[in-house]
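*Asks:*
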Amino acid sequence: MKKLFLIAAIFLITGGITMSQELNQPFKKGEINPYNKYFNGTTYLNRLSANDDIWNSSIANVTFEKGARTNWHKHSGGQILLVTAGEGRYQERGGEIRILKQGDVVRIPMNVEHWHGAAPDSEFAHISIETNLPNNETTWLKPVSDKEYR
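For the sequence shown, this note's numbering gives the first residue as 929, with consecutive numbering after it.
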């Protein structure tokens, strides 16, 4: 009985086996990303401002589980990322991987192939701003290999 009590106490103190800490970010995580077929791992999308004829912009909160990342891709009108939580990665084709932390801003020029996502051991969230709408189109390319990611 004492052994069972000790195991239960340890379980309660450590928060249990399945309990995970929610990423502290300013916007809601949203729903499973409908574009996850262009990602490795699971991501969530919370559309903050959809493109329309008045504001002509698209702004979304994207949350990545640990190790999740986009495929290589490019935006014909460019993109801006505002890092809000966790630790992430960003890389342009042929460049070095950049470690991203809360408060970082990434300005991605038009038609530059790149990927972004969470660090292997951290969730990650950023605000994605699609620039130069309405003609900004995303071209999805090949997945980022584990070798490229590491």
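A virtual CB, placed ideally from N, CA and C, is assigned to each residue, including glycine.
Predicted model, so just to flag it, every value in this text is computed and none were measured.
1. For a test of the three-state rule: what should DSSP assign to residue 1076, helix, strand or coil?
2. In whole angstroms, give me the CA-to-CA distance for residue 1068 and residue 1059.
3. Please go through the same chain and pick out, in chain order, the residues whose beta-carbon is closer than 7 angstroms to the beta-carbon of residue 1004, but skip the five residues on each side of it.
4. Can you give the beta carbon distance from residue 979 to residue 1053, rounded, assuming they're within the 8 angstroms contact cut?
5. Among the residues of its own chain, which have a CB less than 8 angstroms from the CB of residue 1026, if the five just before and after it don't count?
6. Secondary structure at residue 972, three-state DSSP: helix, strand or coil?
7. My output table needs one value for residue 966: the three-state DSSP class, helix, strand or coil.
8. Between residue 976 and residue 987, is the Cβ-Cβ spacing less than 7 angstroms?
9. Where DSSP assigns a beta bridge to residue 977, which residues make up the other side?
10. May I ask you to report which of helix, strand or coil DSSP gives residue 1061?
11. Considering only residues of the same chain and omitting the five flanking positions on each side of residue 964, which have a CB-CB separation below 8 angstroms?
12. Quick one: what does DSSP say residue 1009 is sitting in, helix, strand or coil?
13. Please classify residue 1073: is it buried, with 16 or more other beta-carbons within 10 angstroms of its beta-carbon, or exposed?
14. Would you please state the rounded distance, in angstroms, between the beta carbons of residue 998 and residue 1044? I believe it to be under 8 angstroms.
*Replies:* So, from the data block:
1. Walking along the sequence shown from the start, residue 1076 turns up at place 148. DSSP places residue 1076 in helix when its eight states are reduced to three.
2. Along the sequence shown, read from residue 1 onward, the residue named residue 1068 stands at position 140. Along the sequence shown, read from residue 1 onward, the residue named residue 1059 stands at position 131. Going by the C-alpha atoms only, they are around 17 angstroms apart.
3. Position 76 of the sequence shown, counted from the first residue, corresponds to residue 1004. Cβ neighbours of residue 1004 beyond the five flanking positions: 1038, 1039, 1063, 1064, 1065.
4. Position 51 of the sequence shown holds residue 979. Position 125 of the sequence shown holds residue 1053. Not a contact, Cβ separation roughly 21 angstroms.
5. Working through the sequence shown from its first residue, we reach residue 1026 at position 98. Excluding positions up to five away in sequence, the list reads 1017, 1018, 1019, 1034.
6. The count along the sequence shown starts at 1 and reaches residue 972 at position 44. Three-state DSSP puts residue 972 in a strand.
7. Within the sequence shown, residue 966 is the residue found at index 38, counting from 1. It is helical.
8. On the sequence shown, position 48 is the one that residue 976 refers to. On the sequence shown, position 59 is the one that residue 987 refers to. Cβ atoms of residue 976 and residue 987: closer than 7 angstroms.
9. Translated into positions along the sequence shown, residue 977 becomes position 49. In the DSSP output, where bridge partners are listed per residue, residue 977 has 987.
10. The sequence position of residue 1061 within the sequence shown is 133, counting from 1. If DSSP states are grouped into helix, strand and coil, residue 1061 belongs with coil.
11. Numbered from its first residue, the sequence shown carries residue 964 at position 36. Hits under 8 angstroms: 970, 971.
12. Here residue 1009 refers to the residue found at position 81 when the sequence shown is read from its first residue. Strand, per DSSP.
13. Counted from its first residue, the sequence shown places residue 1073 at position 145. Residue 1073 is exposed by the Cβ-count criterion.
14. Position 70 of the sequence shown, counted from the first residue, corresponds to residue 998. Position 116 of the sequence shown, counted from the first residue, corresponds to residue 1044. Confirmed, about 6 angstroms.
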